[in-house]
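So the structure is just underneath, and the comments pick up after that.
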Amino acid sequence: MTQHSPALAQTPAPLSPQQLDTLNQLLAGSSEAALWWIAGYAAGQAAQRSPVAPKPVATAGKRLTVAYGSQTGNAKAAASALAQQAEAQGLAVRLINLADYSLAELGREQFLAIAISTQGDGDPPDDARIFLKQLASARAPKLTDLRYTVLALGDSSYAKFCEIGRLLDQRLAELGGQALSARADADLDIEQVAAPWRASTVEAAVEAIGKSAATVTLLRPAVAPVTHAASRSQAVVLANQRLTARDSELDVRHVELGFVGPALRYEPGDSLQVRVNNPTVLIDEFLARSGLDGEVKVERGDRRHSLREWLHSERELTRLSLPLLNAILAAHPEHPLRERGAALLETHQVPDLLAAGRIDWDAARWVAELAPLKARAYSIASSQASVGDEVHLTVAVRRDEVAGIERLGLASGHLAALAEGAEIEVSVEANPRFRLPADPGRDLIMIGPGTGVAPFRAFLQQRLAEGASGRHWLFFGHRHLRREFLYQTEWLSALKRGQLQRLDVAFSRDQPERRYVQHVLAEQAREWVSWIDAGAHLYVCGDARRMARDVEQALIESIARIRGIDAEAASDELDALASAGRYQRDVY
């Protein structure tokens, strides 16, 4: 694309020489992915500013429908970018949330692109739950006239990476759909995969539909502009306190940060991304075990760094990815850890694979296969209405022992060691599908075992600051009451003051039989179901691998028992609550 920039300079343009020079400088220094993003963003801005009146919506056969299922907004942004790019190429486009998309519409569709996320280890986004359940049923229509494509978003540190997008692709094919372009699976560095997917999808759609559809175009207000990435900021440590008892096996921290310079804005329910580089000791271990020279230069794309520099700030060492693991086991079928498979993702780091068996890759291969280094996200445990220009986190320090070596989580280990006055780089990750109700009179049921309680501390602070009249019910669980009752003093004080109406807890190891929060939910079902009937909003936050599924099963079984209905009907009721924004989850 940069080859054509001189032609751009020779073409008459409604830009001043200074603007044109700035544009050419920007394009010359941009990667291919960035160029596609700029193109989509510019198209969206032009679409919004156009004075031309909206035209009628195209029929299903002459348009590209772009649908999305999104939890935190990433899939929605990806779908919006595709819609903008397609419309800029003269296509009629319809952008729609899967929550508003019916099987009847799907049955009439001819050209469809879907961007959809996978939450945690294989869960669908809340706004796609009903659609996906219906699509899996016998009521799903035959789709022999459909050409479709899927952009699957996920996190490759989970074994079920992009599982929802993969299953959706499989189901559409089972129903007779044909590929418009190949499914693309995007890790947390979404744009690296999304940009070429958009390009191939738009090219295929233009060829299949034809630009004649440009006379019947999308209602422009339906296409949201792509937003800029969250601003980064430096934050200084104001407090770093251990919440768990000294004799607890678990180290959970309450970390208070103050923004350096202009404060970032956040809402209850958002997360804070913490950016940390790999520690030198881990890089040295990797180099020693691999036998590679850290000073050898490696070029990838338009960047050239020493291997040590790549490992320091560009590549993951503490978190395995599924693509990396598959590549290693494919290249070394005799590797001693082969039988462990995807289970390694939960406990092992990259040096552990090298310690267990030789991996004969050169520096360039390692840089190509290692996942990009990502920020770590933590649910924010404070409300700015209460703490001002501060942000509070609840951090469980990740510790695993592999072959006698203690492995710490990258960010949690770093945060735990920070003294007051230390600085770190942070950014806010918005979570629009984990929000307080607009009506302050609505009741809240909050289920947050372990560090999943963090956002509910923010929720309660916000509601108290607003003078909300709704009731609050917290379900909390951990191992031991004495050792791991996080924020115990705050919850008991709120309960005494009438700011928290109900507090139910489960400490799994304080009695011979394991007792978890789902057991308490079952015991209190009649009461919390009555809260739901009165309009309460239901929230779940915490571990996706086990807790979230056990809790949801308890919710379904409890609703079925109290209402005298079967599990399928109870599940449908929960899906309806999710669709209405009254059942929200933040699981990880």
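Going by the working numbering, the first residue of the sequence shown is number 3, and it counts up by one from there.
Even for Gly, the Cβ is constructed at its ideal location relative to N, Cα and C.
- Between Ala580 and Asp128 the beta-carbon gap is near 4 Å, inside 8 Å, which marks them as a contact.
- One alpha carbon belongs to Ala546, the other to Leu395, and they sit about 19 Å apart.
- In terms of Cα proximity to Glu529, the closest of Arg465, Val283, Leu557 is Leu557.
- Runs of the alpha helix (DSSP H) lying entirely within the stretch 394-436 and spanning at least 4 residues, in chain order: 412-419.
- Of the residues Arg437, Ala387, Gly500, Asp445, the one whose Cα lies closest to the Cα of Asp588 is Arg437.
- Annotation for Leu355: Ile330, Leu339, Ile361 place their beta carbon closer than 7 Å to its own, counting only its chain and skipping 5 residues before and after.
- Beta-bridge partners assigned by DSSP to Cys543: Asp588.
- Counting along the chain, Val276 sits inside the beta strand (DSSP E) bounded by residues 273-277.
- For Leu100, DSSP records no beta bridge to any residue.
- The C-beta of Gln180 has fewer than 16 other C-beta atoms within 10 Å across all chains shown, which makes the residue exposed.
- Shown here for Met549: same chain residues with a beta carbon closer than 6 Å to its own, the five before and five after excluded, namely Pro451 in chain order.
- Where Ser308 is concerned, there is no enclosing alpha helix (DSSP H), although the beta strand (DSSP E) around it starts and stops at 305-308.
- Note on geometry: alpha-carbon atoms of Gly109 and Ala175 lie some 13 Å from one another.
- Here Ala81 is near Ala115, since their CB atoms are less than 9 Å apart.
- Rounded to the nearest whole angstrom, the C-alpha separation of Glu422 and Val553 is 37 Å.
- The continuous beta strand (DSSP E) containing Gly260 extends over residues 254-262.
- Fully enclosed alpha helix (DSSP H) runs of no fewer than 4 residues occupy 105-110, 131-137 of the stretch 93-143, in order along the chain.
- Going by C-alpha positions, Asn280 is about 38 Å away from Asn99.
- Under the DSSP definition of a beta bridge, Tyr150 partners with Leu114, Ala181.
- Apart from the 5 residues on each side of it in sequence, Asn76 sits with its Cβ closer than 8 Å to the Cβ of Ser119, Leu155, Ile192 in its chain, given in chain order.
- A straight line joining the alpha-carbon of Pro335 with that of Pro514 spans about 44 Å.
- As computed with DSSP, His480 is found in a beta bridge with Phe509.
- Residue environment for Ala538: buried (at least 16 other C-beta atoms within 10 angstroms of its C-beta).
- Taking the CA atoms as reference points, Glu269 sits about 13 Å from Ser429.
- The DSSP-derived three-state label of Pro374 is strand.
- Glu427 is positioned such that its CB atom lies no closer than 9 Å to that of Leu259.
- Under the 8 Å Cβ criterion, the stretch 438-445 does not count as touching the stretch 364-376, having fewer than three qualifying pairs.
- Excluding sequence positions up to five before and after Ala370, its CB lies within less than 7 Å of the CB of Arg302, all in the same chain and listed in chain order.
- Three or more Cβ pairs closer than 8 Å define a contact, and the stretch 474-484 falls short of that threshold against the stretch 562-570.
- Looking only at Asp253, Val238, Ala237, the smallest Cα-Cα distance to Arg244 is reached by Asp253.
- Beta-bridge annotation (DSSP): Lys299 is paired with Ser308.
- Classified as buried, Lys162 has 16 or more neighbouring CB atoms from the shown chains inside 10 Å of its CB.
- For Ala90, the enclosing alpha helix (DSSP H) has its first and last residue at 76-90.
- In this structure, DSSP gives Ala536 a state outside helix and strand, which the three-state scheme calls coil.
- The C-alpha of Arg141 is placed about 25 Å away from the C-alpha of Ile561.
- The three-state reading of DSSP puts Gln236 in strand, counting E and B together.
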